[in-house]
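2 protein chains.
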Amino acid sequence: MGSATRLTGLLQKRCLGTAFPRSSTLAVPSRAPWKGTTCTIWRPHLIYRNRIVREASSSSKSVAYTSDFYPGIKRNPNFARLTPEHVSFFKSLLGSASGLVDGVSTDATEDIEPYNVDWMRKYRGRATLVLKPESTEQVSRILTYCNNNMLAVVPQGGNTGLVGGSVPVFDEIVINLQRMNKIRSFDDVSGILVADAGVVLEVADNYLAERNHMFPLDLGAKGSCQIGGNVATNAGGLRLIRYGSLHGNVLGVEAVLPDGTILDDLSKLRKNNTGYDIKQLFIGGEGTIGIITGISVFCPQRSTAVNVAYFALDSYKKVQEAFKEAKTQLSEILSAFELMDGNSQKIVSQVRGRKLPLESEAPFYCLIETSGSNTDHDSQKLENFLENVMSSEIVSDGVLAQDQTQIGDLWSCREGIPECLGHWGGVYKYDLSIPITELYDLVTATRGRLDAAGLMSASDKSLPVVDAVGYGHMGDSNLHLNVATRRYDKKVEEALEPFVYEWVAERDGSVSAEHGLGIAKKDYIGYSRNETMVKLMKQIKDLYDPKGIMNPYKYI
Amino acid sequence: MGSATRLTGLLQKRCLGTAFPRSSTLAVPSRAPWKGTTCTIWRPHLIYRNRIVREASSSSKSVAYTSDFYPGIKRNPNFARLTPEHVSFFKSLLGSASGLVDGVSTDATEDIEPYNVDWMRKYRGRATLVLKPESTEQVSRILTYCNNNMLAVVPQGGNTGLVGGSVPVFDEIVINLQRMNKIRSFDDVSGILVADAGVVLEVADNYLAERNHMFPLDLGAKGSCQIGGNVATNAGGLRLIRYGSLHGNVLGVEAVLPDGTILDDLSKLRKNNTGYDIKQLFIGGEGTIGIITGISVFCPQRSTAVNVAYFALDSYKKVQEAFKEAKTQLSEILSAFELMDGNSQKIVSQVRGRKLPLESEAPFYCLIETSGSNTDHDSQKLENFLENVMSSEIVSDGVLAQDQTQIGDLWSCREGIPECLGHWGGVYKYDLSIPITELYDLVTATRGRLDAAGLMSASDKSLPVVDAVGYGHMGDSNLHLNVATRRYDKKVEEALEPFVYEWVAERDGSVSAEHGLGIAKKDYIGYSRNETMVKLMKQIKDLYDPKGIMNPYKYI
Chain A
1 MGSATRLTGL
11 LQKRCLGTAF
21 PRSSTLAVPS
31 RAPWKGTTCT
41 IWRPHLIYRN
51 RIVREASSSS
61 KSVAYTSDFY
71 PGIKRNPNFA
81 RLTPEHVSFF
91 KSLLGSASGL
101 VDGVSTDATE
111 DIEPYNVDWM
121 RKYRGRATLV
131 LKPESTEQVS
141 RILTYCNNNM
151 LAVVPQGGNT
161 GLVGGSVPVF
171 DEIVINLQRM
181 NKIRSFDDVS
191 GILVADAGVV
201 LEVADNYLAE
211 RNHMFPLDLG
221 AKGSCQIGGN
231 VATNAGGLRL
241 IRYGSLHGNV
251 LGVEAVLPDG
261 TILDDLSKLR
271 KNNTGYDIKQ
281 LFIGGEGTIG
291 IITGISVFCP
301 QRSTAVNVAY
311 FALDSYKKVQ
321 EAFKEAKTQL
331 SEILSAFELM
341 DGNSQKIVSQ
351 VRGRKLPLES
361 EAPFYCLIET
371 SGSNTDHDSQ
381 KLENFLENVM
391 SSEIVSDGVL
401 AQDQTQIGDL
411 WSCREGIPEC
421 LGHWGGVYKY
431 DLSIPITELY
441 DLVTATRGRL
451 DAAGLMSASD
461 KSLPVVDAVG
471 YGHMGDSNLH
481 LNVATRRYDK
491 KVEEALEPFV
501 YEWVAERDGS
511 VSAEHGLGIA
521 KKDYIGYSRN
531 ETMVKLMKQI
541 KDLYDPKGIM
551 NPYKYI
Chain B
1 MGSATRLTGL
11 LQKRCLGTAF
21 PRSSTLAVPS
31 RAPWKGTTCT
41 IWRPHLIYRN
51 RIVREASSSS
61 KSVAYTSDFY
71 PGIKRNPNFA
81 RLTPEHVSFF
91 KSLLGSASGL
101 VDGVSTDATE
111 DIEPYNVDWM
121 RKYRGRATLV
131 LKPESTEQVS
141 RILTYCNNNM
151 LAVVPQGGNT
161 GLVGGSVPVF
171 DEIVINLQRM
181 NKIRSFDDVS
191 GILVADAGVV
201 LEVADNYLAE
211 RNHMFPLDLG
221 AKGSCQIGGN
231 VATNAGGLRL
241 IRYGSLHGNV
251 LGVEAVLPDG
261 TILDDLSKLR
271 KNNTGYDIKQ
281 LFIGGEGTIG
291 IITGISVFCP
301 QRSTAVNVAY
311 FALDSYKKVQ
321 EAFKEAKTQL
331 SEILSAFELM
341 DGNSQKIVSQ
351 VRGRKLPLES
361 EAPFYCLIET
371 SGSNTDHDSQ
381 KLENFLENVM
391 SSEIVSDGVL
401 AQDQTQIGDL
411 WSCREGIPEC
421 LGHWGGVYKY
431 DLSIPITELY
441 DLVTATRGRL
451 DAAGLMSASD
461 KSLPVVDAVG
471 YGHMGDSNLH
481 LNVATRRYDK
491 KVEEALEPFV
501 YEWVAERDGS
511 VSAEHGLGIA
521 KKDYIGYSRN
531 ETMVKLMKQI
541 KDLYDPKGIM
551 NPYKYI
């Protein structure tokens, strides 16, 4: 223990004095002035770990309509146009004025705008009606009516998605779940929570925290996103490595099919082998075959001990070795293993004008979090691990957070990357799954291409690209490849695409690890799924939504 | 630590001298002489944790044909009868003589019998042809031919299922996966294994053990069952509480659809949000919509430290309290929490003629297993837990295994229950999921009914029922209700059914927690699934298998 203590002392000394306070300012990003790109580009945003402002602002009008942005997508003429008669029906169904926003028989543009624009301010629809049902029965009656009258709809939760899936493209009716926000039940023996789809993730997690449990998912958008939306998009988040995916943790789903059928599969059982597990199709179905109105989810015990370490490594090979060692030595308490390359950390330091937690420069950094039930045991395991990886020269330097503030500071080196990358203008962002042994090769290859094309320089402002960096959830083989740019240049796009997608496809990776398809990735599914799988998916869509009214123009 | 050590010393003293060696004799059970029952009844079997003997024996002929047992099920006349021409096709396709067992053009009854009879010797089909493909391509060509020629098939793995799902009912062709038994790849950084469906679970787990990993599933039948069958039946097993369900751990499936289409969804990614997760339908689909030929599965790090404790409790309320405490204090290292009522343990002691690990009699016993990466930490956590639950009088007495032999002895008190219950003749066995707070009430209610009807006595041999006991996976709310009987008596059945099913249905439980539907539970799905869900399941069946050739007469 002597040397472990020594190491801790050393680490502690290094850590003190470095401060990376989390951003608490809510900046409303403006629309990127570029169009025509096929990948995810947007202006830097600071709406991270903060509640999204819902009020309409005049600046929303500066967001281009999605239908203008994607001129190839045409409104399906089979869909009916909304009339005052339709609105009357919905008004009588939903009862109170708070149940809908009517832009059909009144001028409600300002009120409707927040429901038409996504939180990245990248997609904008032309809906004139927002419905806010209070019960599953109301959702059922709405969908029955819409299906009978060929009215297209968009289910909407917290509207925090990253692929434009939760806002209309044309005049689809927005069905917003915000008024379905009740916790239905929680059993603290089994850990099973049943709740309305519209419960905000953070509200659910706070409710569980009071009962020594936690929601098995954590996200930057937790203050706004809704648990129904999390399930509909199969959100992954920060701690999938520990708690697993929603396909394993969601025990039951209540959903309404396009024809109004209520699918009541709200099981509170961890085991139920009686037939096809149909609810799984709704997990990650992105609201294209029905609207999730309630979920039942297994919630683990909340950990009382949380530790965070941040360390430097000389190569991606050593990152993999460190990950293997962490899996072995930290095993059951490992709750996050995040990768950040040296370039990403340099940018964080440069943009914030502050030092990084470690003085030495390295090509790779990792953040490890442990969560367990015994502080002493966990600290000892983590110290042993760090001593081991440092003495075997897997890790070249490291720091261990000593308190909650330092935990936040270390996490901010990881979580602050997207924000800092946006400093120069726009960012090409790719959310990719790649077999772990080759994960970082894509960043190297991409940098090579941009360099070879003479497009990238950290200092030469005449070149469009500032830097290309890689970071992400190492534990889940989930790479975020980000290319920070000074201005739009078609050559950059040509260097990146379809190169990135083809590179990922050649390695059987995924072009959307955790963000889903929405409208942004709809056309790229072929890079991650073969023709047979796409055909089978279309069969499922046709089976459940033969008229195609559910979240049209998106997904597959 | 002083008192914890004291407790350990005390526990150690109690444990020493008690020995419950595992059964190592393989007894071939004989057919129960009763018919007409609708629930699972069979003679005691000792084929638990042993390899099943595959050779045909003359006694197999004493097993009644399923079609006689279920006279209501008629052979579908749309299915073709096998001809020598069909067999010629398969012979040329599969090449060698070891590729099939031909009972059509030759007399191969003896050779085919092991494929016609399930391991419980409860179901017996009339197949005359067994095909043993070696590749996914061969499976595809077989199914294409069968679908075109209206030949019904039964996919078969290790044939260790408990609901008759893996043997034919009439003359369906058996497609046995035993020759598809290759490990395709394993990556020890990500922990992802890709393997043929026919790999035996224990083989896969041993392969992983050499690489410090483990298969995320453990079963009594691990020496015989195949991983493809495990996935097809969504096997639960002993440690679901820790490692979660296959819906979360299976990352990819390769399957062949009835029309021969190869569904290649063998993803090696933990995250892939590109479309509906169709593979989930095959997990628990019991071979009714396709044949799984390969799987990709996330395998956790193998634990180096394993501890087991066994303790006594005065009430089911205290069992729940102990479970809550275990979740809190053992949290990340808890890998099993098994419940055994006092009656089940009395029977184990009585049948084996040996003392139980604890001298004091109690109405409930629990077995806790911990698995972690640090022996000292885990022992300390477990000792602290036991001290805590004993000092707060949640637990009345306890014992902690000191070595591997004692771990086996304590587990045998749980695992030996089914075998010992069969001592008097037959056992009515129910595998149920019930909300945890009410889980044991069913045993009490069932005992009450049997008592009130004057049917049960431990000593009076004139009464048909010896005892009704409850045990199971407390951590998963999975109760095994078993009724040990001396002889078949219609009154017993009338006392049990539909009472048990209705009781479970009233509490939104499941009539098949982990065993699946097969032919045994086909007619009871309505107790656990509503009409809408059953209708949606039938849609899925019709979508993938419109001619109905896949595993007919079963599931839904």
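These protein sequences, in sequence, are chains A and B.
For the first sequence, the UniProt record's numbering begins at 1 and goes up steadily by one.
For the second sequence, the UniProt record's numbering begins at 1 and goes up steadily by one.
Quick reminder that beta carbons are idealized off the backbone N, C-alpha and C, glycines included.
Provide the residue(s) that pair with residue i in DSSP beta bridges, ordered along the chain.
i, result
"B/Phe69", "Partner(s): none; B/Phe69 has no beta bridge."
"B/His473", "B/Glu338 and B/Asn478"
"B/Thr370", "B/Asn307 and B/Leu334"
"B/His213", "B/Gln301"
"B/Ala312", "B/Tyr365 and B/Asp397"
"A/Asp195", "A small correction: the amino acid at residue 195 of chain A is Ala; Asp does not occupy that position in the sequence shown. A/Ile183 and A/Ile295."
"B/Ala221", "DSSP lists no partner for B/Ala221."
"B/Leu131", "B/Leu100 and B/Ile175"
Determine the contact status of residue i and residue j, defining contact as a CB-CB distance below 7 Å.
i, j, result
"residue 581 of chain A", "A/Met474", "Outside the shown range of chain A (1 to 556) lies residue 581 of chain A, about which nothing can therefore be said."
"A/Ile292", "A/Val231", "yes"
"A/Thr375", "A/Tyr555", "no"
"B/Val87", "B/Asp102", "yes"
"B/Val256", "B/Val139", "yes"
"A/Arg124", "A/Val189", "no"
Could you tell me which of the options sits nearest to residue i, measuring between CA atoms?
i, options, result
"residue 561 of chain B", "B/Trp503, B/Ala505, B/Ser510 and B/Leu455", "Here chain B covers residues 1 to 556 and nothing more, so residue 561 of chain B does not appear."
"A/Glu177", "A/Phe186, A/Asp188, A/Ala195 and A/Ser190", "Per the sequence shown, residue 177 of chain A should be read as Leu rather than Glu. For A/Leu177, the nearest C-alpha among the options comes from A/Ala195."
"A/Gly158", "A/Val117, A/Lys490, A/Ala127 and A/Ala305", "A/Val117"
"B/Arg141", "B/Asn530, B/Gly248, B/Asp259 and B/Leu246", "B/Asp259"
"A/Pro133", "A/Leu208, A/Thr106 and A/Leu93", "A/Leu93"
"A/Gly290", "A/Ser391, A/His213 and A/Lys279", "A/Lys279"
"B/Phe89", "B/Asn148, B/Ala108 and B/Arg121", "B/Asn148"
"A/Tyr276", "B/Ala458, B/Gly416, B/Gly284 and B/Tyr276", "B/Gly284"
"A/Ala362", "A/Tyr544, A/Arg211, A/Tyr310 and A/Ala64", "A/Tyr310"
"A/Glu387", "A/Gln406, A/His213 and A/Gln329", "A/Gln329"
"A/Leu238", "A/Thr109, A/Glu494, A/Gly223 and A/Asp218", "A/Asp218"
"A/Leu356", "A/Lys324, A/Leu410 and A/Gln402", "A/Leu410"
"A/Phe298", "A/Gly236, A/Thr532 and A/Leu208", "A/Leu208"
By Cβ distance below 6 Å, which residues in the same chain neighbour residue i in space, the five residues on each side in sequence not counted?
i, result
"A/Asp397", "Ala312, Leu358 and Ser360"
"A/Tyr48", "Below a pLDDT of 50, predicted positions are generally treated as unreliable, and A/Tyr48, at 25, falls in that range; the measurement from the model is reported next regardless. Counting only Cβ-Cβ distances below 6 Å, and skipping sequence neighbours, we find Gly220."
"B/Asn181", "Asp196, Gly198 and Val199"
Only counting the same chain, and skipping five residues up and downstream in sequence, which positions put a Cβ closer than 8 Å to that of residue i?
i, result
"B/Glu55", "Legend: pLDDT at B/Glu55 = 31, less than 50; position of this residue unreliable, no value from coordinates given."
"A/Trp424", "Val466, Ala484, Thr485 and Arg486"
"B/Ser461", "A small fix is needed here, since residue 461 of chain B is Lys in this sequence, not Ser. Around B/Lys461: Arg486."
"A/Gln301", "Gly191, Asn212, His213, Met214 and Ser373"
Ignore the nearest five residues each way along the sequence and tell me which others in residue i's own chain have a CB closer than 7 Å to its CB.
i, result
"B/Ile227", "Ala195, Ala197, Val199, Leu201, Ala204 and Ile295"
"B/Lys521", "Val163, Val511 and Ser512"
"A/Ile333", "Thr370, Ser371, Gly372, Asp378 and Lys381"
"B/Tyr501", "Val511, Tyr524 and Tyr527"
"A/Ala326", "Leu334, Phe337, Ile368 and Phe385"
"A/Ser267", "Leu251, Gly252 and Ser296"
"B/Ser457", "Leu463"
"B/Leu281", "Ile289 and Ile540"
Measuring from the CB of residue i, is there a heavy atom of the ligand MN at a distance below 6 Å?
i, result
"A/Val253", "This structure does not include the ligand MN; it has no bound ligands of any sort."
**Message:** When you compare the segment 158 to 176 of chain A with the segment 64 to 84 of chain A, are there three or more beta-carbon pairs, one atom per stretch, that lie closer than 8 Å?
**Reply:** Under the 8 Å Cβ criterion, the segment 158 to 176 of chain A counts as touching the segment 64 to 84 of chain A, having at least three qualifying pairs.
**Prompt:** Counting pairs of beta carbons, one from the segment 465 to 483 of chain B and one from the segment 235 to 255 of chain A, are three or more of them closer than 8 Å?
**Reply:** The answer is no - the segment 235 to 255 of chain A does not touch the segment 465 to 483 of chain B, with fewer than three Cβ pairs under 8 Å.
**Message:** I'd like to know if the segment 344 to 351 of chain B and the segment 427 to 434 of chain B are in contact, where contact means that at least 3 CB-CB pairs between them fall below 8 Å.
**Reply:** They do not touch, by the three-pair rule.
**Contact between the segment 148 to 155 of chain B and the segment 539 to 550 of chain B (3+ Cβ pairs under 8 Å)** = Contact check between the segment 148 to 155 of chain B and the segment 539 to 550 of chain B: three or more CB pairs, one atom from each, fall below 8 Å, which counts as touching.
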